[in-house]
Amino acid sequence: MAATISNEYDVIIVGAGPAGSSCAMFLGREGNKVLLIDKAKFPRDKTCGDACSGKSVSVLRELGLLDEIETSAHGKIFGVIFSSPNGTVLEVPGKEAKASGFVCRREVLDNIIFKGAKKYVNTLEEFTVTDLLREGNQVVGVTGIDKSGKQQQFRAKIVAGADGAASVVAQKVGMFELDGAHHCTAVRGYYDGVTGMKEMIEIHFTKTVLPGYLWIFPYEDGTANVGVGMLTKDIKKYKINLKELMEKEIHENPIFKERFANAKPITDVKGWNLPLGSKIRKHIAGDGWVLLGDAASLIDPFSGEGMGNAMTSAKIAFRTISRSLRLGSYSEKILHEYEEELKRELKDEMAMSYNLQRLGKHQFMLNFVIGKAVKNAEMRDMISTMVVNEEAKKGFVSPLFYLKLLFT
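All residue numbers for the sequence shown refer to the working numbering, where the first residue is 21 and numbers rise by one.
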């Protein structure tokens with residue numbers, strides 16, 4: 021789209037990650053006047069586990085961007101490898117021959133979606149939003165500082181905050197909260213030369229990492245995204261240095277020591293914050309504003325994956341915003357429909373994942389479930405279905421599932 025920037029828009033979206041750029045592209049394709057703002061210059065990296073679920077695949081396909089992702093450097097996911105605290109390893113291949121998801125470096129993925137949005141909307145990079153414009157209780161735009169240090173204002177009928185875990189928009193509308201029981205901190209680094217990798221993501225619940233877990237996500241080029249995540253409250257409680265914990269784990273734990281013997285780090289280990297969907301923001305829509313993705317606190321409490329829910333929120337927000345623009349009403353009453361629909365979509369899934377997260381803290385249960393599944397093909401088949409099917413995932417928190425484990 022033309023680079024000319026005006027001061028008046030239908031929608032301003034703050035944050036050009038997967039949620040913001042997807043929402044912008046949906047809205048722009050309908051002919052709405054949209055300004056997509058980001059404080060960085062693209063392409064840019066983003067510290068992340070890089071895993072993308074089937075939800076992400078679905079939205080990318082709808083946006084017409086999946087083919088470009090498929091031809092970019094990434095790794096397809098054909099299953100999951102779990103290990104329990106007692107060292108039992110369980111391989112759970114996907115139920116279907118096709119990949120259930122993929123891993124893709126955010127520098128690549130985010131830039132593809134951003135470029136897609138750029139065809140339909142105005143974009144403003146290297147602009148830091150510092151505050152919201154208001155008329156009474158109504159949000160009517162943003163103010164911020166451009167790369168030259170100049171302060172500028174832009175007005176819009178609706179402002180969408182897709183600006184991540186430390187969302188300025190969420191802070192300015194009074195919806196930012198950091199609850200250590202519903203907030204995770206993670207570190208990750210990229211490594212070359214890790215041996216024994218397959219086209220499967222790995223999640224390891226080792227004794228020394230619990231109540232967190234260590235992951236290894238492989239790429240087709242032989243590199244891997246390796247990291248550790250844990251609830252923020254547990255990090256504070258046990259005074260844990262995640263970077264030191266990860267380094268010690270991969271070099272000293274017998275499960276990983278040989279696999280990392282000749283592995284070389286190809287990036288620094290970096291950390292980031294994950295606001296979990298076990299406690300979605302109290303409100304994610306109001307008079308003239310909505311929150312998307314991490315800004316709305318939508319990360320899966322068990323897996324730590326946020327991309328799928330972020331892009332789901334973008335699609336649902338697009339529908340509500342489009343209706344709001346057609347009606348010419350930008351009040352909380354109308355925009356609250358987005359909040360209601362999103363919570364209906366994610367509520368049960370988030371509750372299930374939260375229960376799984378709590379289950380994952382108990383060594384006995386992890387050893388029991390993974391140990392049983394290793395010995396029983398039917399259990400492996402059930403878990404395989406649950407991993408990729410949100411409806412089937414309910415089985416993980418059903419008493420009948422554990423009764424079945426006991427008697428098989």
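Backbone N, C-alpha and C define an ideal beta-carbon position, used for all residues, glycine too.
With a CB to CB cut of under 6 Å and the five nearest residues on each side skipped, what residues in its chain are close to G99? Excluding sequence neighbours, G99 sits near V112, P113, G114, M220.
Simplified DSSP assignment, three categories, for F237: Looking at F237 - three-state DSSP - the assignment turns out to be strand.
Strand pairing of R175, partner residues [DSSP]: Residue pairing for R175: DSSP places it in a beta bridge opposite E28, G161.
Closest to I132 by CA distance: which of G391, G161, I390, S92 is it? Comparing alpha carbon positions, the residue from G391, G161, I390, S92 closest to I132 is S92.
Going by other Cβ atoms of all chains shown within 10 Å of its Cβ, with 16 needed for buried, is A281 buried or exposed? Under this definition A281 is an exposed residue.
R125 classed as buried or exposed, judged by whether at least 16 other C-beta atoms fall within 10 angstroms: So R125 ends up on the buried side.
What does a CB cutoff of less than 6 Å around G121 pick up in its chain, not counting 5 residues either side in sequence? Apart from the 5 residues on each side of it in sequence, G121 sits with its Cβ closer than 6 Å to the Cβ of C72, S73, G74, I97 in its chain, given in chain order.
So, with DSSP's three-state summary, where would you put L423? Unreliable placement is indicated for L423, whose pLDDT of 49 sits below 50; no coordinate value is reported for it.
Where does the unbroken alpha helix (DSSP H) through R364 begin, and where does it stop? 352-379 is the extent of the alpha helix (DSSP H) around R364.
L312 versus G391 - alpha carbon distance: Cα to Cα, the separation comes out at about 39 Å.
Where the beta strand (DSSP E) containing G121 begins and where it ends: In the DSSP assignment, G121 falls within the beta strand (DSSP E) that extends over 121-124.
So, at 7 Å on beta carbons, what are the nonlocal neighbours of K430 in its own chain, with the 5 sequence-adjacent residues on each side left out? Nothing about residue 430 can be read from this structure; the chain reaches only from 21 to 428.
Using 8 Å as the cut-off, can you tell me whether the stretch 287-307 makes contact with the stretch 227-241, which would need three or more C-beta pairs spanning the two stretches below that distance? Touching, no, given that fewer than three Cβ pairs across the two stretches are closer than 8 Å.
May I ask you to list the residues that DSSP assigns as paired with S103? DSSP, once it has assigned bridges, lists V109, H224 as partnering S103.
Give me the Cα-Cα distance between L83 and N396, rounded to the nearest whole angstrom. One C-alpha to the other measures close to 41 Å.
Proximal residues to A316 (C-beta, below 7 Å), its chain only, five neighbours per side dropped: Excluding sequence neighbours, A316 sits near I300, R301, I304, S333.
For the alpha helix (DSSP H) containing H271, name the first residue and the last one. From DSSP, the alpha helix (DSSP H) with H271 extends over 262-272.
Would you say K8 and G200 are within 9 Å of each other, going by their C-beta atoms? Residue 8 lies beyond the residue range present for the chain, which begins at 21 and ends at 428; the question has no answer from this structure.
Would you kindly work out how many angstroms separate the C-alpha atoms of L55 and L265, rounded to a whole number? Straight-line Cα distance between these residues: approximately 42 Å.
Neighbour-count burial assignment, T278, 16 or more Cβ in a 10 Å radius: In the sequence on display, residue 278 carries Glu and not Thr. E278 comes out exposed.
Run of the alpha helix (DSSP H) containing Y258, from where it starts to where it stops: From DSSP, the alpha helix (DSSP H) with Y258 extends over 252-258.
Can you name, in chain order, every residue of its own chain whose Cβ lies under 7 Å from the Cβ of F134, other than the five neighbours on each side? Counting only Cβ-Cβ distances below 7 Å, and skipping sequence neighbours, we find A36, S41, F62.
By Cβ distance, which residues of its chain are closer than 8 Å to K335, with the 5 residues on each side in sequence left out? Only S42, C43, F46, V79, E82 meet the Cβ criterion.
Beta bridge counterpart(s) of H382 as assigned by DSSP: BP columns for H382 are empty, so no partner.
Given 8 Å, three or more beta-carbon pairs between the stretch 210-227 and the stretch 338-346: Proximity of the stretch 210-227 to the stretch 338-346 falls short of the contact definition, fewer than three beta-carbon pairs being nearer than 8 Å.
Nearest to G136 by CA position, among L86, I165, V34, is which residue? Out of L86, I165, V34, the CA that lies nearest to the CA of G136 is found in L86.
Can you have a look at N142 and say buried or exposed, based on whether 16 or more other CB atoms are within 10 angstroms of its CB? Label assigned to N142: buried.
Hey, out of Y258, T67, I25, whose CA is closest to I57's CA? It is I25.
Assuming C204 contacts G324 under a Cβ cut-off of 8 Å, what Cβ separation, rounded to an integer in Å, is found between them? Contact flag correct, Cβ pair sits at about 6 Å.
Under three-state DSSP, which class holds A71? Strand.
Burial state of T243, where buried means 16 or more other Cβ atoms lie within 10 Å: By the neighbour-count criterion, in which 16 or more other beta carbons inside 10 Å mark a residue as buried, T243 falls on the buried side.
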